[in-house]
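Sequential numbering from 1 applies to the sequence shown in full-length UniProt numbering.
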Amino acid sequence: MEVFCFGSGSEGNAFLVRTQRTSILIDAGLAATTLRRLLRSIGVGDHELTAIVVTHEHHDHVRGLAGLLRWQSCPVVTTVGTDAVLRLGSARRLTVRYQHWLEIGDLALYPVPVPHDAREPFGLRLATCHAETALFTDLGTVTDEVLVALSRANLIVLEANHDRDLLWRGPYPDWLKRRIASPAGHLSNDQAAYALAHLSGSPRTIWLAHLSQQNNDPRLALATVRARFGSPCPHQLDVLPQAGMVYRWNFASSQYRLTRDSDQE
Ligand SMILES: [Zn+2]
Ligand SMILES: [Zn+2]
Numbered sequence: 001m002e003v004f005c006f007g008s009g010s011e012g013n014a015f016l017v018r019t020q021r022t023s024i025l026i027d028a029g030l031a032a033t034t035l036r037r038l039l040r041s042i043g044v045g046d047h048e049l050t051a052i053v054v055t056h057e058h059h060d061h062v063r064g065l066a067g068l069l070r071w072q073s074c075p076v077v078t079t080v081g082t083d084a085v086l087r088l089g090s091a092r093r094l095t096v097r098y099q100h101w102l103e104i105g106d107l108a109l110y111p112v113p114v115p116h117d118a119r120e121p122f123g124l125r126l127a128t129c130h131a132e133t134a135l136f137t138d139l140g141t142v143t144d145e146v147l148v149a150l151s152r153a154n155l156i157v158l159e160a161n162h163d164r165d166l167l168w169r170g171p172y173p174d175w176l177k178r179r180i181a182s183p184a185g186h187l188s189n190d191q192a193a194y195a196l197a198h199l200s201g202s203p204r205t206i207w208l209a210h211l212s213q214q215n216n217d218p219r220l221a222l223a224t225v226r227a228r229f230g231s232p233c234p235h236q237l238d239v240l241p242q243a244g245m246v247y248r249w250n251f252a253s254s255q256y257r258l259t260r261d262s263d264q265e
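Here is the structure:
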């Protein structure tokens, strides 16, 4: 299993999960032309995606979806609730249900409900026979189901959206601060650190995701999570950038590497 991050945060979210036979895009929050170019750069041409999964309807997850469907004829996979607000027209679709496995090619998807202010949002367990990835951004609370998903994953992508102090001292209007910090908003660094501190067993690769540009700082997010693990940190830990870099993780080597987006062209 290989996982690519094309972007993570309010500017747009998109991940690609690839096995030998299957290439699934998780969210299409970047511009369609950017997504097309990034997909091509890693060898996924037009009409070669197996599916596009949409975790929820917020703009930073669907911005390029309609445009991308001009070049990809695969089904859009989402919940009934999300499908109802996406207005996908005649696009092919597949619906998933919370906590029911769906097999697409040689990849299995397990949507886990997340508390977030969208219609029927979910995070994901993505599994092959050998490897598992947990992908959870856009959630205000870490539930027991999310902890179970994290505990099983070789690669963990978990939201660390904001530092509480930066958020409350920052310039956002009060209603927006309350929304972000609410149990159906976004995870703080402390919440992410607390959830990850539950991990036991073998070392994992952990990518902190969906960081706020205004209310967080990558060094602060890393330091907050590292402090929970103590020293030395048993896991390979990093922060995903908003854009401009492609992160690539490969289960076979359990390594990841970064490539500047401009290098991909
Ligand atoms: Zn988002
Ligand atoms: Zn959202």
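We put the CB at the ideal spot given by N, CA and C, even for glycine.
_Given 6 Å as the limit, tell me if V162 has its C-beta closer than that to any heavy atom belonging to ligand 1._
For clarity, residue 162 is His in the given sequence; the question names Val instead. No, the beta carbon of H162 sits no closer than 6 Å to any heavy atom of ligand 1.
*If you measure from the CB of D117, is any heavy atom of ligand 1 nearer than 6 Å?*
If you check the C-beta of D117 against ligand 1, you find no heavy atom less than 6 Å away.
*Are L155 and T133 touching if we call contact CB-CB under 7 Å?*
Note that the C-beta distance between L155 and T133 is below 7 Å.
*Using the DSSP secondary-structure output, state which residues sit across from I206 in a beta bridge.*
For I206, which the question treats as bridged, DSSP gives the partners I156 and L237.
*Could you check which residue in V62, A160, E103 and H116 has the C-alpha nearest to that of A221?*
Of the candidates V62, A160, E103 and H116, the one whose C-alpha sits nearest the C-alpha of A221 is A160.
*How big is the Cα-Cα spacing for T79 and G105?*
Distance between the alpha carbons of T79 and G105 is about 19 Å.
*Near D263, which residues of its chain fall below 8 Å by C-beta distance, leaving aside the five closest residues on each side in sequence?*
The pLDDT assigned to D263 is 49, lower than 50, so where the model puts this residue is not dependable, and the model offers no usable value.
_Can you check which of these residues, P218, R37 and T19, is closest to F6 by C-alpha distance?_
Of P218, R37 and T19, the residue nearest in Cα terms is R37.
*Which first and last residues belong to the beta strand (DSSP E) in which N189 is found?*
N189 -> not in any beta strand (DSSP E); alpha helix (DSSP H) instead, spanning N189 to L196.
*Express the C-alpha separation of V3 and R248 in angstroms, rounding to a whole number.*
The straight-line gap from Cα to Cα measures roughly 6 Å.
*Quick one: does the C-beta of residue 273 sit closer than 6 Å to a heavy atom of ligand 1?*
The question about residue 273 has no answer here: the residues shown for the chain are numbered 1 through 265.
_In whole angstroms, give me the CA-to-CA distance for R40 and D46._
Each residue's Cα considered, the two are about 8 Å apart.
*Closest to S212 by CA distance: which of A184, D138 and P232 is it?*
Checking every option, the nearest Cα to that of S212 belongs to D138.
*For the beta strand (DSSP E) containing G123, list its first residue and its last residue.*
G123 -> beta strand (DSSP E) spans F122 to A127.
*By DSSP, does R63 sit in helix, in strand, or in coil?*
Note: R63 maps to coil in three-state DSSP.
_Please state whether the Cβ-Cβ distance between P8 and L49 is less than 7 Å._
According to the sequence provided, residue 8 is Ser. The question's Pro does not apply to it. Going by beta carbons, S8 and L49 fall outside the 7 Å limit.
*Give me the Cα-Cα distance between M1 and R18, rounded to the nearest whole angstrom.*
Distance from the CA of M1 to the CA of R18, rounded to the nearest whole angstrom, comes to 6 Å.
*What number of angstroms, rounded off, separates the C-alpha of L167 from the C-alpha of N215?*
In a straight line, the C-alpha of L167 is about 5 Å away from that of N215.
*Touching or not, the segment 226-245 and the segment 186-206, by the rule of three or more beta carbon pairs under 8 Å?*
The segment 226-245 vs the segment 186-206: in contact.
*Can you name, in chain order, every residue of its own chain whose Cβ lies under 7 Å from the Cβ of Q191, other than the five neighbours on each side?*
So the qualifying residues of the chain are V142.
*Within 10 angstroms of the Cβ of Y98, are there 16 or more other Cβ atoms? Answer buried if so, exposed if not.*
Y98 should be labelled exposed.
*Just to confirm, does D138 get its C-beta within under 6 Å of one of the non-hydrogen atoms of ligand 1?*
Taking non-hydrogen atoms of ligand 1 into account, the C-beta of D138 is found less than 6 Å away from one of them.
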